[in-house]
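Residue numbers (UniProt numbering): 1 to 249. Each remark here refers to the structure printed beneath this line.
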């Protein structure tokens, strides 16, 4: 297992954890503010089977800061450059959690010939904050809208408006195998946050991801909150292994 820092042409330094083995290579993409360590249980198991890579995006964990705000396209190009510099062998199975699911989806849209599988782990739907508004009480509407509109309020200073537009503009149906795993338990929100209603909205929006592929499946992790890969890592591991098995027949 190669655990190291890499300097991109003296422009920035990224931290990564890379196991070179067989193909396809499984690439883990964390949610906003999360380091590569969020994938430890899942990556360690999958590394027994094939090549894996997890990493810290710029400004997260041990990776160097960059100018903000950034967009989903910036995150895709950052990952693409990392994979090229490390010579990670194609094709890739992308595994994206939360906002990392948006990165995985956009990467798949922009580089479809490089991707042989996609696993979305309680992945963020585009414009989810706007969908929440139908369930939020009046006193939470302004804060929710400000979080959507102001990049400086999220942990990685991501421009969500531009990022969501990038996702929509590039979304298209493919035949790339797609596994969607969504949480079954409501998160513990702030006082007055309608957690159960938000859960139902999220589950419905994530179920709609099935249209992205003619070879898709949808699964609810009934004992998990948002971090399914922590609460029920075996489910995520199983979905990746099933995808690998299907490709190696």
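Glycine included, each C-beta is placed from N, C-alpha and C at the ideal position. Computed from a predicted structure; not experimentally measured.
Length of the line joining the Cα atoms of residue i and residue j
{"i": "residue 49", "j": "residue 114", "result": "20 Å"}
{"i": "residue 131", "j": "residue 122", "result": "16 Å"}
{"i": "residue 51", "j": "residue 244", "result": "11 Å"}
{"i": "residue 43", "j": "residue 28", "result": "8 Å"}
{"i": "residue 193", "j": "residue 2", "result": "42 Å"}
{"i": "residue 208", "j": "residue 200", "result": "13 Å"}
{"i": "residue 206", "j": "residue 182", "result": "7 Å"}
{"i": "residue 79", "j": "residue 225", "result": "27 Å"}
{"i": "residue 53", "j": "residue 60", "result": "16 Å"}
{"i": "residue 212", "j": "residue 22", "result": "27 Å"}
{"i": "residue 221", "j": "residue 96", "result": "16 Å"}
{"i": "residue 145", "j": "residue 161", "result": "11 Å"}
Terminal residues of the beta strand (DSSP E) in which residue i lies
{"i": "residue 23", "result": "Unbroken run through residue 23: none, as it is neither H nor E."}
{"i": "residue 219", "result": "216–221"}
According to DSSP, residues forming a beta bridge with residue i
{"i": "residue 28", "result": "95"}
{"i": "residue 119", "result": "95, 179"}
{"i": "residue 52", "result": "19, 26"}
{"i": "residue 4", "result": "16"}
{"i": "residue 171", "result": "None; residue 171 has no bridge partner."}
{"i": "residue 213", "result": "174"}
CB-CB length for residue i against residue j, believed under 8 Å
{"i": "residue 246", "j": "residue 137", "result": "With a Cβ gap of about 45 Å, residue 246 and residue 137 do not count as contacting."}
{"i": "residue 217", "j": "residue 180", "result": "7 Å"}
{"i": "residue 120", "j": "residue 72", "result": "Actually they are not in contact, since the Cβ atoms of residue 120 and residue 72 sit about 14 Å apart, beyond 8 Å."}
{"i": "residue 219", "j": "residue 232", "result": "No, residue 219 and residue 232 are not in contact; Cβ-Cβ is about 11 Å, not under 8 Å."}
{"i": "residue 197", "j": "residue 135", "result": "4 Å"}
{"i": "residue 6", "j": "residue 64", "result": "In fact, because the Cβ distance is near 10 Å, the residues do not count as touching under 8 Å."}
{"i": "residue 26", "j": "residue 240", "result": "6 Å"}
N- and C-terminal bounds of the alpha helix (DSSP H) containing residue i
{"i": "residue 84", "result": "72–86"}
{"i": "residue 139", "result": "138–149"}
{"i": "residue 198", "result": "195–207"}
{"i": "residue 112", "result": "Unbroken run through residue 112: none, as it is neither H nor E."}
{"i": "residue 152", "result": "It is not in any alpha helix (DSSP H) - residue 152 carries neither H nor E in the DSSP assignment."}
{"i": "residue 43", "result": "40–46"}
{"i": "residue 242", "result": "233–247"}
{"i": "residue 132", "result": "128–132"}
Any non-hydrogen atom of the ligand GTP closer than 7 Å to residue i Cβ
{"i": "residue 78", "result": "No copy of the ligand GTP appears in this structure; indeed no ligand is present at all."}
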